[in-house]
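Worksheet: one structure, shown below.
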Ligand SMILES: [Fe+2]
Ligand SMILES: [Fe+2]
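What follows is the structure in C-alpha cells.
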C-alpha cells in the first residue's frame, strides 16, 4: 500500500518537474529580451508586495500565467502564450522608481499599468499589441482601465492577484522574507530560548 502511494507521489513529482521545465523554457524563449533587460535587473532590488521584489513577483505571475495557458489549451481554448509571457514579465515594471514617479501609493496603484506599457515599449523592439492591452488592463477591477477583453488578459489579471497573495507568504528568495520564513525564524528563536533556559537549569 505504502509503496503504491510512494510510486504515485514519484509520478506526480516527475510530471510536475517536467511541467516546470516546460514553463521555464517558454518563459526564456518568449521573454528573453525582457529577462536580459536592465529594467529586469533593477527589478530585483525593489521591494514589492511587502516582502517580495518586483522581479520575483513578476516571474511568479509569468509562471502561473503560462501554467493556466497550458490548462486552457488542454480545454481547446486558444491562447497566445508569447504575448502572455511578455505582458506578465512587464506588467509591473512601471513600478520601478515608484517613489520618484508617483506621489502616493494610491497613485502608483492606479497609474503603474500605463507606466509599465511605456517601459515595455522601451525594452522591446517589436511590442505585440495584445501584450500592451494585457498590461494596460491587468489591474482591473482596481485600476482605471476597462476589464480585460481577451482570454489572455483575464489570465494575467487573475494570476497577478493570486500571486500577490502568495508573495506575502513566500516572500523574496534573495532577501529571505515572507510569512513562512518569519514563522520559521520565530520558532527557532523560541527553541533557542527554551534550550538556553534548559542548559541554565541543568547547571
Ligand atoms: Fe500591477
Ligand atoms: Fe503584479
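In the working numbering, the protein residues as written are 190 to 392.
Cβ atoms here follow ideal geometry from the backbone N, Cα and C, with glycine treated the same way.
Residue 334 - partner residues in DSSP beta bridges: Along the chain shown, one-based indexing puts residue 334 at 145. According to DSSP, residue 334 bridges with nothing at all.
For residue 253 and residue 348, believed in contact at Cβ under 8 Å, the rounded distance: Translated into the one-based positions of the chain shown, residue 348 becomes position 159. Translated into the one-based positions of the chain shown, residue 253 becomes position 64. With 8 Å as the limit, residue 348 and residue 253 qualify as a contact, their Cβ atoms being about 4 Å apart.
Boundaries of the alpha helix (DSSP H) in which residue 322 is found, first to last residue: The residue labelled residue 322 in the question sits at position 133 within the chain shown. Its alpha helix (DSSP H) spans residues 318-326.
For residue 292, the three-state DSSP class (helix, strand or coil): Looking up residue 292 in the chain shown gives position 103. Three-state DSSP puts residue 292 in coil, outside helix and strand.
Three-way DSSP call (helix, strand, coil) for residue 371 in this model: Mapped onto the chain shown, residue 371 falls at position 182. Residue 371: helix per DSSP, three-state reduction.
From 203, 200 and 237, residue whose alpha carbon lies closest to that of residue 359: As a position in the chain shown, residue 359 is number 170, starting the count at 1. When each option's Cα is compared against that of residue 359, the closest is 237.
Residue 361 - containing alpha helix (DSSP H), residue span: The sequence position of residue 361 within the chain shown is 172, counting from 1. It is not in any alpha helix (DSSP H) - residue 361 carries neither H nor E in the DSSP assignment.
Status (buried if at least 16 other CB within 10 Å, exposed otherwise) for residue 265: Here the question's residue 265 lines up with position 76 in the chain shown. Flag for residue 265 reads exposed.
Closer than 5 Å: residues whose CB approaches a heavy atom of ligand 2: 281 and 349
Alpha helix (DSSP H) segment containing residue 215, residue limits: Residue mapping note: residue 215 aligns to position 26 of the chain shown, counting from 1. 191-224 is the span of the alpha helix (DSSP H), which, as asked, contains residue 215.
Cβ-based neighbour list, residue 316, same chain, cut-off 7 Å, excluding 5 preceding and 5 following: As a first step, residue 316 must be located in the chain shown, where it is residue number 127. These residues qualify, in order along the chain: 309 and 310.
Own chain partners of residue 387 with C-beta closer than 6 Å, once the 5 adjacent residues on each side are dropped: Numbered from 1 along the chain shown, position 198 holds the residue referred to as residue 387. Here the set comprises nothing.
Residues that residue 241 bridges to, as DSSP identifies them: Walking along the chain shown from the start, residue 241 turns up at place 52. Per DSSP, 237.
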